[in-house]
Every structure is written in structure tokens, then in C-alpha cells.
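One structure below.
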Amino acid sequence: MTVFDFRSDTVTQPTPQMRAAMAAAPVGDDVYSEDPTVNRLEELAAEKMGKQAAVYVPSGTMSNVAAVLAHCARADEVILGNLSHLFLYECGSISALGGVHPYPVPNQPDGSMHLEDIQGAVRTGASNMPTSRLIVLENTHNRCVGASLSADYTRQVADLAHANGLNLHIDGARIFNAAADQGVPASQLAAPADSVTFCLSKGLSAPVGSVLCGSEAFIQKARRVRKQLGGGMRQAGVIAAAGIVALETMTERLIEDHQRAATLAAGLQHIPRVDFEAQHTNMVYFRLSPEAPFDVDEFIQQAKTKGLLIGAAGGGRIRMVTHYWVDDQAVKSALDVIAAVLKGASR
Ligand SMILES: *Cc1c(COP(=O)(O)O)cnc(C)c1O
27 MTVFDFRSDT VTQPTPQMRA AMAAAPVGDD VYSEDPTVNR LEELAAEKMG
77 KQAAVYVPSG TMSNVAAVLA HCARADEVIL GNLSHLFLYE CGSISALGGV
127 HPYPVPNQPD GSMHLEDIQG AVRTGASNMP TSRLIVLENT HNRCVGASLS
177 ADYTRQVADL AHANGLNLHI DGARIFNAAA DQGVPASQLA APADSVTFCL
227 SKGLSAPVGS VLCGSEAFIQ KARRVRKQLG GGMRQAGVIA AAGIVALETM
277 TERLIEDHQR AATLAAGLQH IPRVDFEAQH TNMVYFRLSP EAPFDVDEFI
327 QQAKTKGLLI GAAGGGRIRM VTHYWVDDQA VKSALDVIAA VLKGASR
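Numbers in this note's numbering are just positions in the sequence shown, counted from 1, shifted up by 26.
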């Protein structure tokens with residue numbers, strides 16, 4: 027049975043071109059800055075993001091915590107979205123490891139936060155309060171159905187940050203999806219921010235890693251934090267090589283994933299017992315309608331027996347994510363399986 031995996035774009039396997047590049051990569055000890063492949067990936071990433079410098083890190087989570095710890099001291103405060111990945115899904119790392127205090131403000135359905143809410147969260151400098159130091163935006167926004175933030179909005183948040191003496195970091199795990207969505211270079215979306223991170227291991231299909239980008243001085247600090255976190259790697263060129271292929275060949279094609287997500291969304295809206303929620307970029311969210319005799323877990327189990335993997339997103343929501351390894355046939359087959367499972371469930 028062919029299995030189609032729509033749980034996440036993190037399930038993407040490296041392409042044959044990536045595997046060839048990995049096998050052939052010249053490598054060295056990256057803690058000595060002697061890995062030519064890592065150095066090339068970092069240069070390429072910095073260039074793509076329009077920043078001075080970059081550092082290769084093992085994961086998006088480490089990249090975010092390194093960024094926050096490079097921007098903030100203990101008891102400094104970060105203003106972030108209440109639905110952000112950094113707030114919800116990173117094991118409280120900024121507090122546990124950096125003593126950094128999160129100030130969550132409401133995320134709107136489009137992934138933004140109201141400027142008034144952000145401004146309202148900036149501390150006044152009273153002697154008994156934490157010190158506001160950083161604002162974090164997420165682009166695209168995972169929990170907000172993959173919605174992308176515009177360069178315009180990002181500029182407004184950056185202006186607010188800088189007017190208050192704060193920095194702006196973008197958790198751009200999927201910023202190339204945002205760029206594809208809006209038909210602009212990722213560097214344009216990153217330009218207003220002081221730092222930006224993106225994942226190579228999601229829609230770009232590389233097996234491992236994220237890159238954190240910013241000014242020379244900031245990246246020097248972030249390198250020290252990476253080392254503290256145990257993220258200094260040695261012959262990491264073996265995996266960085268796949269990241270170079272990802273940046274060179276996988277960013278433009280993301281629009282195909284978005285088109286397939288739109289096809290999936292259109293199909294779902296015609297299936298009885300599906301309560302469609304929304305689709306943006308490569309993500310589709312839906313629920314089961316109240317007449318469905320299954321709960322979400324059983325629905326996901328049934329789909330699995332028919333070769334379709336999908337993910338529960340919590341609170342009754344179901345998420346499907348398109349990526350390089352699901353083609354038009356996979357989308358058609360996914361719709362057929364969902365319709366069949368829900369039809370078979372009639373009472
Ligand atoms: C996946 C993700 C991360 C974390 O990346 P990992 O490599 O899984 O640690 C951070 N932020 C967002 C928005 C993500 O989607």
C-alpha cells in the first residue's frame with residue numbers, strides 16, 4: 027500500500043540531489059569554522075535573508091532560543107503571540123535556559139498581533155517590572171493555518187519595536203512559504219527585523235537544520251549561545267550540503283505545495299461531515315462536524331489503515347500539510363480516503 031503522509035512538511039525526505047551532495051561534501055571541523063560546506067551554507071543563507079551573517083543550528087527550536095538568549099539577559103521580557111510556536115511548543119526553553127520572561131499577546135486569525143496590543147505590552151520602565159527587550163513574529167504562522175505576514179506589517183512592528191528600544195526577531199521556520207505566497211523575495215519579509223531564522227528541514231526538504239541570520243555582532247553572540255546549548259557541530263557539512271541544495275532548488279517550487287493545499291481545501295469543502303476551517307500556504311485545517319460518529323483520534327486511525335497519515339492539531343482540529351513528497355495523485359487519493367472513511371461511518 028502506498029502511504030501518503032500529510033502530517034507535516036517535517037516528514038520530507040532528502041531528494042536524490044541532496045543525498046548526492048551530502049556524499050560529496052567537503053567537510054572540516056565547524057567548531058574551528060573550518061567546514062567549507064557549512065561556511066558556504068551560512069553565506070548563502072545570509073545573502074538570501076539580506077543579513078550580514080548567519081549561523082547553522084541543529085533545529086528551529088535551538089535557533090529561536092539562541093536568538094532570544096543573544097538578544098536578552100535574564101529577567102528581560104519577550105513579547106510574543108499567545109499561539110506562537112516559541113510560546114507553546116518549545117518546552118519553555120527561553121525561561122528554562124535563559125531566565126527570559128514571555129509576555130504573550132493575542133494572535134489574530136491572520137497570525138498578526140494588534141499593534142495596540144504589542145504597544146500595551148511594552149513595560150514602562152518602572153523599577154519593579156521586567157525589562158521589555160524583544161518582539162517575536164512568526165511567519166508563516168503554524169497555529170494560524172499557515173497565514174503569512176506582509177513586509178508592510180512587519181515594518182510597522184519593527185518601527186514600534188525600535189521606537190521603544192526593542193529588537194524584532196522573526197521565527198520564519200516557513201518564511202520561504204510566506205515569500206512564495208506573496209511573490210516577494212524572503213529578504214523583503216526579513217528586512218525590517220534584527221534577526222530571522224528559517225528551517226531547512228520543513229518544506230525545503232533537507233534532513234536537518236535551521237539557519238539564524240542577523241548582524242555580524244549578533245551572530246557572534248548567537249554562536250556562543252549555540253555552543254552553550256551543545257549545538258556546536260563538527261563535520262556538519264555532511265548535512266549542511268543538503269541545506270545548500272534546499273536553498274538553491276526548493277524555494278521557488280513551494281508555490282506548487284500551496285496550489286495543492288488549495289485543491290485539497292476545495293475538495294474537503296464538498297465532503298459531508300467535514301467542517302472546513304481554512305487554508306493558507308501549505309496548510310489546511312478542518313474539524314469533523316457534530317454528526318460524525320467518530321472522534322478525531324478514531325478518524326485519524328481509520329484513515330491510517332487506508333494509507334493516509336494526517337495529524338490532530340488539538341482542540342478537535344485536524345491539520346494537513348502539503349510538501350514535496352505529496353503530488354496531485356496524493357491529494358486526490360487523500361480526498362477519496364477521507365470521503366470513504368466518513369461515508370463508511372454513516373449510522
Ligand atoms: C517547526 C517550527 C519551529 C521549530 O523547529 P524544529 O526544527 O522542529 O525545532 C519553530 N517555529 C515554527 C513556527 C515551526 O513551525
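Heads up, the beta-carbon is just placed ideally off N, CA and C, and yes, glycines get one too.
heavy atom of ligand 1 below 7 Å from residue i C-beta
i: H9; result: As shown, the chain starts at 27 and ends at 373. That puts residue 9 outside it, with no answer to give.
i: V117; result: The displayed chain sequence assigns Cys, not Val, to residue 117. For ligand 1, not one heavy atom lies less than 7 Å from the Cβ of C117.
i: A199; result: yes
i: G124; result: no
i: T307; result: no
i: K228; result: yes
i: S85; result: yes
Expected contact under 8 Å - CB spacing of residue i and residue j to nearest Å
i: M309; j: R343; result: That pair is no contact at about 11 Å.
i: C98; j: V126; result: 5 Å
i: K74; j: S213; result: 6 Å
i: G257; j: V37; result: 23 Å between Cβ atoms; not a contact.
i: L175; j: S138; result: 6 Å
i: F32; j: L335; result: 6 Å
i: M44; j: L255; result: With a Cβ gap of about 26 Å, M44 and L255 do not count as contacting.
Inter-residue Cα distance where the pair is residue i and residue j
i: L280; j: T348; result: 9 Å
i: M27; j: G333; result: 7 Å
i: V357; j: A287; result: 8 Å
i: R249; j: G124; result: 15 Å
i: A272; j: N154; result: 47 Å
i: A93; j: L215; result: 18 Å
i: Q305; j: Y179; result: 21 Å
i: T63; j: V57; result: 13 Å
i: R181; j: L163; result: 11 Å
i: S158; j: L109; result: 19 Å
i: D61; j: V53; result: 5 Å
i: S85; j: I364; result: 33 Å
i: V171; j: Y311; result: 6 Å
i: S236; j: L192; result: 24 Å
i: G340; j: G229; result: 22 Å
i: V91; j: Q327; result: 35 Å
i: A80; j: V222; result: 9 Å
i: K247; j: A96; result: 6 Å
i: Q261; j: G146; result: 46 Å
Neighbour flag for residue i against chain D, beta carbons, 8 Å
i: P130; result: Absent from the structure: chain D. Only one protein chain is present.
Coil, strand or helix - residue i by DSSP
i: T223; result: strand
i: N90; result: helix
i: V29; result: coil
i: A105; result: First, the residue type needs correcting, since residue 105 is Ile and not Ala in the sequence shown. Three-state result, I105: strand.
i: F320; result: coil
i: N308; result: coil
i: S176; result: coil
Touching by the beta-carbon criterion (3+ pairs, under 8 Å), the region 65-73 and the region 202-210 | no
Evaluate contact between the region 194-203 and the region 319-339, counting only Cβ atoms and requiring at least three cross-stretch pairs below 8 Å.
-> no
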